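Structure first, commentary second.
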Amino acid sequence: MVVIRLSRGGAKARPFFNIVVADKRTRRDGRFIERLGFYNPIAKGGEESIRVAQDRLTYWKSVGAQASPTVERLLKQAADKAPAAAAA
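Below, the structure written as structure tokens:
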């Protein structure tokens with residue numbers, strides 16, 4: 002089974018996560034199939050906190066990849082934030 006999940010990077014106490022497509026059996030930070038974007042939980046005011054390649058996300062979901070609950074929550078938050086930013 003293929004999953005869309007977070008892979009941790011960054012330094013100690015400065016987390017940075019890549020949003021990746023990986024086989025469910027691989028380690029969290031191990032081999033992955035494709036990098037779809039990133040999530041920066043400690044982004045400052047003007048910095049981008051999340052970026053996702055929507056076309057690739059749609060493709061992977063169409064071929065059966067399951068997003069982890071955390072990735073689903075982040076994507077929903079990003080979608081809610083995007084229309085507000087576009088309206089401003």
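Residue numbering for the sequence shown follows the working numbering, starting at 2 and increasing by one per position. Positions of the beta carbon are idealized from the N, C-alpha and C atoms, including for glycine. Note that this is a predicted model, so its numbers are computed, not measured.
- The criterion of a C-beta distance shorter than 8 Å is satisfied by S8 and D30.
- Within the same chain, F17 come within 7 Å of G11 by CB-CB distance, once the 5 residues on both sides are set aside.
- Bounds of the beta strand (DSSP E) holding S8 are 3-12.
- If you draw a straight line from the Cα of R52 to the Cα of I34, it is about 18 Å long.
- Distances from the CA of A54 to each of V22, A14, M2 were compared; the closest alpha carbon is that of V22.
- The closest CA to that of V4, considering only G46, G47, L58, K77, is found on L58.
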